[in-house]
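These notes concern the structure reproduced below.
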Amino acid sequence: MAWTLVTPSSRGIGFALTRHLVRTLPPTVPIVATVRSDLPGVKENLLASLELSPEQAARLDVRECDVLSEPSIEQLAGYCRDRYNDRSRDKNAHLRLGFMIPGMLVPEKAPDKIEYESALNTLKLNLLAPMMLVKHFAGFLPRKPTSLEPEEGLPDPAVLALMSARVGSIGDNRLGGWYSYRASKAGLGQLVKCTDIFLKMKNGPKATCIGLHPGTVKTSLSKEFWESTPKEKLFSPEFAAERLLRVVKGLEESGGGRCWDWQGKEIPP
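Mind the numbering: the sequence shown is residues 1 to 269 in UniProt numbering, read in order.
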């Protein structure tokens, strides 16, 4: 059995991704979506106004997880292992698609604007949280002997997708600034590459890890820049979710370990 994960899912791109998956994936594919609080309220919002069969709605499993707490991540992983990835019951059980997309942005324009606690929080959320998610969930990806059955709307190979950003590219950095955010996303690029190398050794062609750049999306993270962004380059979360899923589903085996933008174009390291 294949299953999917979106963390976190309470707002922004994660919210839109979860709704898109609920609407488009076969009813047999469970979707685990995580929030920090108000599980019933978030689930109601995720399902609101979607015309779903009872089976489609029932397979959305909203679980509590604080991505800044490794014990919380470990608890979620234990639940998912027992519920969806118990290979003693199903030898082909596997995580087919995992979106690990926590993030925050503090745009420091000069070195003297960097604040230690703020920068530390940025690194924790943008880099260490995905790192701990990879630590506890990479083992659920399909192994070399796993039989990957084609599933409508799901990628082949299985994918761990981490939220990167164009400004994380060192080679593309011509403006400077945004010290903690750029540093966290540059580090995320190494996390993606290291994880993909590990998966190629352990899982063979069955699983890969990539970074994704959604463009400038109309979420709370980018609110400060809405007015300065050309209207045609300011995307809705729904548009971003659809484009990112298109990139993931079109991924070839050779595309692992790299960062791709919403158009399917590679962003250099």
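Quick reminder that beta carbons are idealized off the backbone N, C-alpha and C, glycines included. Owing to the predicted nature of the structure, the values given are computational and were not obtained by experimental measurement.
Notebook entry, point to check: If you run the structure through DSSP and keep just helix, strand and coil, what is residue 311?
Noted result: Past the edges of the chain, shown from 1 to 269, lies residue 311, and the structure says nothing about it.
Item checked: Among Gly-187, Glu-232, Leu-60, nearest to Lys-218 - alpha-carbon criterion -> Checking every option, the nearest Cα to that of Lys-218 belongs to Glu-232.
Margin query: Tell me which residue opens and which closes the beta strand (DSSP E) that Phe-99 is part of.
Written below: Start and end: 94-100.
Notebook entry, point to check: DSSP on Leu-154, reduced to helix/strand/coil?
Noted result: In the structure shown, Leu-154 sits in coil (DSSP, three-state: anything other than H, G, I, E or B).
Next item on the list: For Val-29, name the three-state secondary structure that DSSP assigns.
Entry: In the structure shown, Val-29 adopts coil according to DSSP, grouped into three states.
Note to self: Can you confirm whether the segment 179-193 touches the segment 154-168 when touching is taken to mean that 3 or more C-beta pairs between the two stretches lie within less than 8 Å?
What the structure shows: Between the segment 154-168 and the segment 179-193, the count of C-beta pairs closer than 8 Å reaches three or more; the two stretches touch.
Notebook entry, point to check: What is the rounded straight-line gap between the Cα of Arg-87 and the Cα of Arg-143?
Noted result: For Arg-87 and Arg-143, the distance between alpha carbons rounds to 11 Å.
Checklist line | Cβ neighbours of Glu-70 in the same chain (closer than 7 Å, five flanking residues each side left out) | finding: Hits under 7 Å: Met-132.
Notebook entry, point to check: Tell me the DSSP bridge mates of Met-163?
Noted result: Its beta-bridge partners are Leu-212.
Next item on the list: Take Asn-173 and list the residues in its own chain whose beta-carbon comes closer than 8 Å to its own, dropping the five residues that flank it on each side.
Entry: Excluding positions up to five away in sequence, the list reads Val-167, Arg-182.
Check: Does the distance from the CB of Val-248 to the CB of Ala-158 come in under 7 Å?
Finding: The answer is no: Cβ separation not under 7 Å.
Next item on the list: Check whether the Cβ atoms of Pro-214 and Trp-260 sit closer than 7 Å, and answer yes or no.
Entry: No, these two residues do not count as a Cβ contact at 7 Å.
Check: Whose CA, out of Leu-188, Gly-256, Gly-250, lies closest to the CA of Gly-264?
Finding: Checked all of Leu-188, Gly-256, Gly-250; the closest Cα to Gly-264 is Gly-250.
Margin query: Tell me the DSSP secondary structure of Thr-7 in three-state form.
Written below: Shown here, Thr-7 sits in a strand according to DSSP, grouped into three states.
Next item on the list: Use the C-beta contact count for Leu-9: other C-beta atoms within 10 angstroms, 16 or more gives buried, fewer gives exposed.
Entry: Sequence inspection shows Ser at residue 9; the Leu mentioned does not correspond to that position. With 16 or more Cβ atoms within 10 Å of its Cβ, Ser-9 is classed as buried.
Notebook entry, point to check: Once you ignore the five residues that flank Ala-229 on each side, which residues in its own chain have a CB closer than 6 Å to its CB?
Noted result: One detail in the question is off: residue 229 reads as Thr in this sequence, not Ala. Cβ neighbours of Thr-229 within its own chain (closer than 6 Å, five residues either side excluded): Thr-216.
Note to self: Is it buried or exposed, Gln-56, if we count other Cβ atoms within 10 angstroms and call 16 or more buried?
What the structure shows: Gln-56 comes out buried.
Checklist line | Those residues which DSSP pairs with Trp-260 across a bridge | finding: Residue pairing by DSSP places Trp-260 opposite Leu-212, Glu-266 in a beta bridge.
Checklist line | Cβ pair His-20, Ala-241 closer than 7 Å | finding: Contact: yes.
Item checked: Endpoints, the alpha helix (DSSP H) within which Asn-173 is located -> Looking at the DSSP string, Asn-173 is not in any alpha helix (DSSP H), and its letter there is neither H nor E.
Check: Going by the beta-carbon positions, is the gap between Leu-245 and Leu-154 smaller than 7 Å?
Finding: Here Leu-245 is not near Leu-154, since their CB atoms are 7 Å or more apart.
Next item on the list: Closer than 8 Å by C-beta to Phe-15: which residues in its own chain qualify, once you throw out the five before and the five after it? Chain order, please.
Entry: Same-chain partners within the cutoff: Ser-9, Asn-45, Leu-46, Pro-237.
Checklist line | Nearest neighbour of Lys-40, chosen from Glu-64, Leu-17, Pro-27 [CA to CA] | finding: The sequence as given places Pro at residue 40; Lys does not occur at that position. It is Glu-64.
Check: With distances taken from CA atoms, which of Ile-73, Gly-12, Met-100, Phe-198 is nearest His-136?
Finding: Of Ile-73, Gly-12, Met-100, Phe-198, the residue nearest in Cα terms is Ile-73.
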